[in-house]
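Protein chains: 2
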Amino acid sequence: MQIAFLLYEQFTALDIVGPYELLRQLPGAESIFVAKQTGPVKNDGGHLHLVAEATLAEVPSPDVLVVGGGMQGTLATANDPQVLDWIRSVHAQSRFTTSVCTGSLILAAAGLLAGKPAACHWAAKDMLEKMGTHYSGERYVREGKIVTAAGVSAGMDMALYLIGELAGRKAAEMIQLSAEYDPDPPFDSGSIKKAAPATVEAVLARLGREIAEG
Amino acid sequence: MQIAFLLYEQFTALDIVGPYELLRQLPGAESIFVAKQTGPVKNDGGHLHLVAEATLAEVPSPDVLVVGGGMQGTLATANDPQVLDWIRSVHAQSRFTTSVCTGSLILAAAGLLAGKPAACHWAAKDMLEKMGTHYSGERYVREGKIVTAAGVSAGMDMALYLIGELAGRKAAEMIQLSAEYDPDPPFDSGSIKKAAPATVEAVLARLGREIAEG
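Order-wise, the sequence lines are chains A and B. Residue numbering for the first sequence follows this note's numbering, starting at 808 and increasing by one per position. Residue numbering for the second sequence follows this note's numbering, starting at 808 and increasing by one per position.
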């Protein structure tokens, strides 16, 4: 089984590395980092680099595709015909086509989510809806063989779900224990349902500034 | 404020990228990936590479140090005098010296945890205790300015705690919402208190094989 993680400039690192750290432990699975060109790819923080091992052409038919997010990088990638063609071609043969965070905007741009429910980073929900996709507000959403996750950290919950589907509950529980994934954040502000309205406004303002500044 | 993430061959990627994705959003903070040499550093999965931007000598006094884990890499690093000297020197001036997963074995090898309680990946708790440190079993443990976290994913909970200490609760809640860190794993097997005994045994057997195979 081959699991491909798509990298592009200005990706969000945890969107990729969270699911990777769990999915790479799937018995018999090979993980591979793929991008338009091989070599280091820079994240949205501007200084973390993950190295792409293979080009899109070299990974024509992974069993699982994970498309991460990252606001600026998402918008560029959602307008890149070469990447969208590759995603459509991969999806035609995949067992699961998945996204984390604003990665669902890329799947939507590829035409995979028309009229369907999907998850996304909460701050991009209006953009998702404008692309004809219904923002579900859930941690992750399965629609046929497409699974989309909410913002950044939600990719880990989705990955455990995928492992359960691909290898069974026992394998998923082993991998959860191996990663000691028993989360216990010291604050309870991780969703727009739980955060204070002032916190939501402050984050939206900061994200808006970051997008404006490129 | 400078936050240094130590990379070494066979590190566990999520130990580093989990805390990084949260800490990098600290207002006014600069994150930097540091290793003995600059350039790509390979993880314990054998194919993910993060790029080190600076050598140890180039980062003499970060405000926060994050030392991740990774079983094989930890054992090599815990026996590397150059790295241990650097950690001691950094610790003498840091605001926080921290570890994730088996990274606490490295802090213990540097002499920072003698007689103190600390967190660690559950499967390495006997090793930690043999080094004269008390395994606490908690998600993260603060002892003075040293904060140690449990296995892999626990680094995110620790990072939110650190952000609260360094920049206040409001900043931490904003960053939690930005990363949509409202975890909801589909299984409940993330700690040795919750996992089935057969799951614990199976993971220990697998980790043992991996260590034996190098």
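Note that beta-carbon positions come from the ideal geometry of N, C-alpha and C, so glycine has one too.
Give me, in chain order, the residues of the same chain whose beta-carbon lies closer than 6 Å to that of residue i; leave out the 5 immediate sequence neighbours on both sides.
| i | result |
| --- | --- |
| A:Leu872 | Ala811, Val897, Ser901, Thr904 |
| A:Ala917 | Leu891, Ile894, Arg895 |
| A:Ala957 | Ala926, Arg946 |
Name the chain A residues that come within less than 9 Å of residue i, Cβ to Cβ?
| i | result |
| --- | --- |
| B:Ser838 | Gly852, His854, Leu855 |
| B:Pro847 | Pro847, His856, Val858 |
| B:His898 | Chain A residues near B:His898: none, gap ~23 Å exceeds 9 Å. |
| B:Leu821 | Leu821, Val824, Gly825, Tyr827, Glu828, Leu829, Met963, Ala986 |
| B:Gly971 | Pro993, Phe994 |
Please return the same chain residues whose Cβ sits closer than 8 Å to the Cβ of residue i, not counting the five positions on each side in sequence.
| i | result |
| --- | --- |
| B:Thr862 | Val841, Ala842, Lys843, Gln844, Thr845 |
| A:Ala915 | Ala885, Ala921, Ala925, Leu935, Met938, Gly939, Thr940 |
| A:Val959 | Thr819, Leu821, Asp822, Gly825, Gly876, Val907, Cys908, His928 |
Could you list which residues in chain A have their beta carbon closer than 7 Å to that of residue i, in chain order?
| i | result |
| --- | --- |
| B:Gln983 | Pro992, Phe994, Ser996, Gly997 |
| B:Val954 | Within chain A, no residue comes near B:Val954; the closest Cβ sits about 12 Å away, beyond 7 Å. |
| B:Tyr968 | Pro993 |
Pull up the DSSP beta-bridge partners for residue i, would you.
| i | result |
| --- | --- |
| B:His941 | B:Pro924 |
| B:Phe994 | DSSP lists no partner for B:Phe994. |
| B:Glu950 | B:Ile953 |
| A:Gln809 | A:Glu837 |
| B:Gly846 | B:Ala859 |
| A:Leu872 | A:Ala811, A:Thr904 |
What distance in whole Å lies between the Cβ atoms of residue j and residue i, which are believed to be in contact at a cut-off of 8 Å?
| i | j | result |
| --- | --- | --- |
| B:Ala986 | B:Pro834 | So it is not a contact: roughly 15 Å between Cβ atoms. |
| B:Gly875 | B:Val907 | 5 Å |
| A:Tyr968 | B:Pro993 | 5 Å |
| A:Leu775 | A:Ser838 | Residue numbering for chain A in the displayed model covers 808 to 1021; residue 775 of chain A lies beyond these limits and cannot be assessed. |
| A:Val1010 | B:Met808 | Going by Cβ atoms, the distance from A:Val1010 to B:Met808 rounds to 20 Å, so no, they are not a contact pair. |
| A:Tyr988 | B:Gly997 | 4 Å |
For residue i, go through chain A and note every residue whose CB falls closer than 8 Å to its CB, in chain order.
| i | result |
| --- | --- |
| B:Thr940 | Those within 8 Å of B:Thr940 in chain A number zero; the least Cβ separation is about 18 Å. |
| B:Thr1006 | Lys977, Glu980, Met981, Leu984 |
| B:Lys1001 | Asp989 |
| B:Val874 | Per Cβ cutoff of 8 Å: no residues; B:Val874 is ~16 Å from chain A at best. |
| B:Ala963 | According to the sequence provided, residue 963 of chain B is Met. The question's Ala does not apply to it. Going along chain A in sequence order, the residues near B:Met963 (Cβ under 8 Å) are Ser960, Pro990, Pro992. |
Excluding the five sequence neighbours on either side, which residues of its own chain have a C-beta within less than 7 Å of the C-beta of residue i, listed in chain order?
| i | result |
| --- | --- |
| A:Lys932 | Tyr942 |
| B:Lys1001 | Asp995 |
| A:Lys952 | Ser901, Arg902, Phe903, Thr904 |
List the residues of chain B that residue i touches, going by C-beta distances under 8 Å, in chain order.
| i | result |
| --- | --- |
| A:Arg946 | Asp989, Asp991 |
Residue i touches chain B at which residues, Cβ-Cβ below 9 Å?
| i | result |
| --- | --- |
| A:Trp929 | Leu984, Glu987 |
| A:Ala957 | Glu987, Asp989 |
Whose Cβ in chain B lies nearer than 7 Å to the Cβ of residue i?
| i | result |
| --- | --- |
| A:Val1010 | Met981, Leu984, Ser985 |
Should residue i be counted as a contact of the ligand SAH given a C-beta to heavy atom distance under 8 Å?
| i | result |
| --- | --- |
| A:Cys908 | In the structure on display, the ligand SAH does not appear, and there are no ligands present to speak of. |
Examine the Cβ distances between the stretch 903-923 of chain B and the stretch 943-958 of chain B and report whether three or more of them are shorter than 8 Å. Contact between the stretch 903-923 of chain B and the stretch 943-958 of chain B is present: three or more C-beta pairs spanning the two stretches fall below 8 Å.
Do three or more CB pairs link the stretch 838-846 of chain B to the stretch 1007-1018 of chain A at distances below 8 Å? As far as the Cβ criterion goes, the stretch 838-846 of chain B does not touch the stretch 1007-1018 of chain A, which means the pair count is below three.
Tell me, please, whether the stretch 959-970 of chain A touches the stretch 815-828 of chain A by the rule of three or more beta-carbon pairs shorter than 8 Å. Enough Cβ pairs lie closer than 8 Å, so yes.
Cβ pair count under 8 Å reaching 3, the stretch 881-892 of chain A against the stretch 852-865 of chain B: Flag = no, the stretch 881-892 of chain A and the stretch 852-865 of chain B do not touch.
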